[in-house]
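Sequence lines, in order, name chains S and W. Residue numbering for the first sequence is 1 to 59, as defined by the UniProt record's numbering. Residue numbering for the second sequence is 1 to 249, as defined by the UniProt record's numbering. In this text, a Cβ means the ideal position worked out from N, Cα and C, and glycines have one as well. Since we're looking at a predicted model, the values are computed, not measured.
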Amino acid sequence: MPDLGKYAEAVLSSYAISLGLIVALVVLSVLRARKVKAQLAEVEARGKTGGKAQEQADG
Amino acid sequence: MSSIWEYANPKKFIATTDRLLPWVSALALGLMVLGLVWGFFFTPDDFRQGSTVKIIYIHVPSAMMAINAWAMMLVASLVWIVRRHHVSALAARAAAPIGAVMTVIALATGAIWGQPMWGTWWEWDPRLTSFLILFLFYLGYIALWSAIEDDDTAADLTSILCLVGSVFALLSRYAVNFWNQGLHQGASVLRAGALAGDTEERVSNVFATPLFISMAGFLMLFIALVFLRTQTEIRARRMRALLARERMQ
């Protein structure tokens with residue numbers, strides 16, 4: 001750890017706030033990406049199943 | 001040779017960015033770790049600013065990306081207005097929260113850096129004020145997208161807002177040159193004279209090399225996040241369309 005002297009608090013808090021925000025942004029982006037991907041797969045699967053059931057009912 | 005407009009096709013965009021995403025993410029992580037670790041642990045204190053100079057490795061790249069994210073949104077918005085490609089509108093939407101976070105980081109680190117150097121956390125200086133207004137534009141842009149249900153109408157209105165906000169994105173970059181007043185210094189990293197070797201007010205090489213690496217890392221992080229978040233927006237839009245179709249049946 002470098003000797004930051006009397007400015008240690010300013011330097012460390014800058015890095016902590018920035019890295020915290022960046023990590024939060026990345027984590028939230030990844031979580032939302034997974035959630036939306038799974039939800040879309042479910043809706044598409046439901047649509048296919050519903051479509052086939054409709055065809056069988058019609059035919 | 002394939003045209004850039006092929007990537008306006010959502011499937012093509014997702015397939016291409018899926019292949020690129022791991023590489024861009026790895027590059028972002030590598031460059032950011034290298035730049036920040038080098039800057040934090042292996043550079044000396046500045047003779048005037050002491051150890052606070054280490055804040056430069058976060059402050060400058062985040063400020064650069066705050067402006068460049070808006071510039072990217074402007075280009076994407078213009079593409080939407082002129083060519084009506086949904087992917088470009090969704091890419092602009094995807095970039096906004098990233099730009100907003102970068103603006104917060106630039107404002108916060110600037111305030112923390114300013115306190116010991118200028119003796120104040122905040123000053124209504126042209127550059128600081130235009131950055132604050134840029135942040136408010138980011139919030140307004142994100143809120144407008146969320147407030148309008150119809151995607152095309154939202155894309156139209158946010159594109160106009162983006163055009164207006166570009167004035168402040170430009171001001172936040174050149175405010176110091178326009179007004180030549182305030183506490184914030186002028187450009188010293190990517191200034192033509194600085195790059196050509198003018199040593200006055202120029203960032204010394206001992207600080208510049210890790211700074212450029214950190215800037216490249218932030219740029220790669222932005223690209224990786226835009227890829228990921230645009231994919232998400234494309235899927236969310238498709239889901240909304242499918243659900244609407246379900247409701248109609």
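Within a 10 Å sphere around the beta-carbon of residue 65 of chain W sit 16 or more other beta-carbons, which makes this residue buried. Bounds of any alpha helix (DSSP H) do not take in residue 50 of chain W, whose DSSP letter is neither H nor E. Taking 8 Å as the Cβ-Cβ cut-off, the segment 28-43 of chain S approaches chain W at 29, 30, 32, 33, 36, 37, 39, 40, 43, given in chain order. In this structure residue 165 of chain W is buried. Its beta-carbon is surrounded by 16 or more other beta-carbon atoms within 10 angstroms. Boundaries of the alpha helix (DSSP H) around residue 62 of chain W: 56-83. Residue 69 of chain W is not a Cβ neighbour of residue 35 of chain W, given a cutoff of 8 Å. When W/203, W/225, W/206, W/74 are compared, the shortest CA-CA separation from residue 161 of chain W is found for W/74. For residue 10 of chain S, the C-beta contacts it makes with chain W under 8 Å involve 52, 55, 112, 113, 115, 116, in order along the chain.
Among the CB atoms of chain S, none fall inside 8 Å of the CB of residue 65 of chain W. Between the segment 141-161 of chain W and the segment 107-115 of chain W there are fewer than three inter-stretch CB-CB distances shorter than 8 Å, so the stretches are not counted as touching. Contacts with chain S at 8 Å (Cβ-Cβ) do not include residue 215 of chain W. The segment 229-243 of chain W and the segment 10-30 of chain W touch, with three or more beta-carbon pairs separated by less than 8 Å.
For the 8 Å CB-CB criterion, residue 120 of chain W and residue 10 of chain S do not form a contact. Residue contact with chain S for residue 76 of chain W: absent (no Cβ-Cβ distance below 8 Å to any residue of chain S).
Distance from the Cα of residue 204 of chain W is smallest, within the candidate group W/87, W/27, W/48, for W/48. The continuous alpha helix (DSSP H) containing residue 106 of chain W extends over residues 86-118. In the assembly as shown, residue 29 of chain S is a buried residue. Its beta-carbon has 16 or more other beta-carbons within 10 Å. For residue 238 of chain W, at least one C-beta of chain S is nearer than 8 Å to its own C-beta.
Excluding residues up to 5 positions away in sequence, nothing lies with its Cβ nearer than 6 Å to the Cβ of residue 71 of chain W in the same chain.
Nearest C-alpha to residue 18 of chain W among S/47, S/37, S/48, S/42: S/37. Taking 8 Å as the cut-off, the Cβ atoms of residue 212 of chain W and residue 168 of chain W do not count as close.
Residue 131 of chain W is outside the set of residues whose beta carbon lies under 8 Å from a beta carbon in chain S. Under the three-state reduction of DSSP, residue 205 of chain W is assigned to helix. Residue 134 of chain W has its alpha-carbon roughly 22 Å from the corresponding atom of residue 220 of chain W. By the 16-neighbour rule on beta-carbons within 10 angstroms, residue 5 of chain W is exposed. With a cutoff of 8 Å on beta-carbon distance, residue 172 of chain W and residue 131 of chain W are scored as near each other. DSSP places residue 210 of chain W within a helical segment (H, G or I) once states are collapsed to three. The three-state secondary structure of residue 249 of chain W, taken from DSSP, is coil. In the assembly as shown, residue 39 of chain W is a buried residue. Its beta-carbon has 16 or more other beta-carbons within 10 Å. Within the segment 220-231 of chain W, those residues whose Cβ lies closer than 9 Å to any Cβ of chain S are, in chain order, 221, 224, 225, 228, 229, 231. Spatial neighbours of residue 22 of chain S in its own chain (CB-CB distance under 8 Å, excluding positions within 5 residues in sequence) are not present.
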